[in-house]
Ligand SMILES: [Zn+2]
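Structure below.
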């Protein structure tokens, strides 16, 4: 069984207040994920595929047996929509789309469309039932356990597969949520097909303990005491 973390942010992910959203460079993200024994990750920055495309390029040089799936977490007007496997450069203006439009655009790009943290902050809540998702995040390491339990219940009700994700905003969080996939070949197409067919298994659920560290770093960057890492190849 191959192991994946399907929701990770790099410093190419931006935030309206803090400037940066993710605190690790694409290279740090890839190196940490390889060291943690994962077979692959989806790099899903807010509203851009830039970090994912950079991470995929870096991964090809570091480890041929490691798969980076360029992805995007679209901030729609009603909450977040995760598109796993968007292989082109794409930037979407924050909150410019409705949730239905975000889902439609992800489908057009042939992404696997996932509802991340449905009951957490920026989750779509009951809107998930009205839109067509391929899967739900049954575990998101940033979300309170009771909301993850509710997400799993919703997935059962809608007969949708679940994935587990760290939603890492700093490299040390990687693999806090791990999804096992029953695939023979390590390719983006194989991953997409396995999720769509529901061949997923949540194999790691570790609630994040890094929130304090993340915010102290963000405050440091905001007040220019810490330099943010580069959104580049180095
Ligand atoms: Zn996220």
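Residue numbers (our numbering): 106 to 339.
Just so it is clear, CB atoms sit at the ideal spot from N, CA and C, and this is done for glycine as well.
Every value quoted in this text rests on a predicted model; they were computed, and no experiment measured them.
Thinking C-alpha only, which one of 262, 316 and 155 is nearest residue 118? 155
Assess, as a yes-or-no matter, whether the segment 152 to 167 is touched by the segment 306 to 313 under the definition of 3 or more beta carbon pairs within less than 8 angstroms. no
Considering only their Cβ atoms, is the gap separating residue 176 from residue 109 smaller than 9 angstroms? no
Under 9 angstroms, do residue 128 and residue 335 count as touching if we go by C-beta distance? no
Cβ neighbour criterion (16 or more within 10 Å) applied to residue 132: buried
Of the residues 276, 313 and 223, the one placed nearest residue 186, counting alpha carbons only: 223
Count the other C-beta atoms from every protein chain shown that fall within 10 angstroms of the C-beta of residue 196, then say buried if there are 16 or more, exposed otherwise. exposed
Under the DSSP definition of a beta bridge, which residues are partnered with residue 253? Its beta-bridge partners do not exist; DSSP assigns none.
Alpha-carbon spacing of residue 158 relative to residue 209, whole angstroms: 22 angstroms
Name the two residues that bound the continuous alpha helix (DSSP H) containing residue 131. 131 to 140
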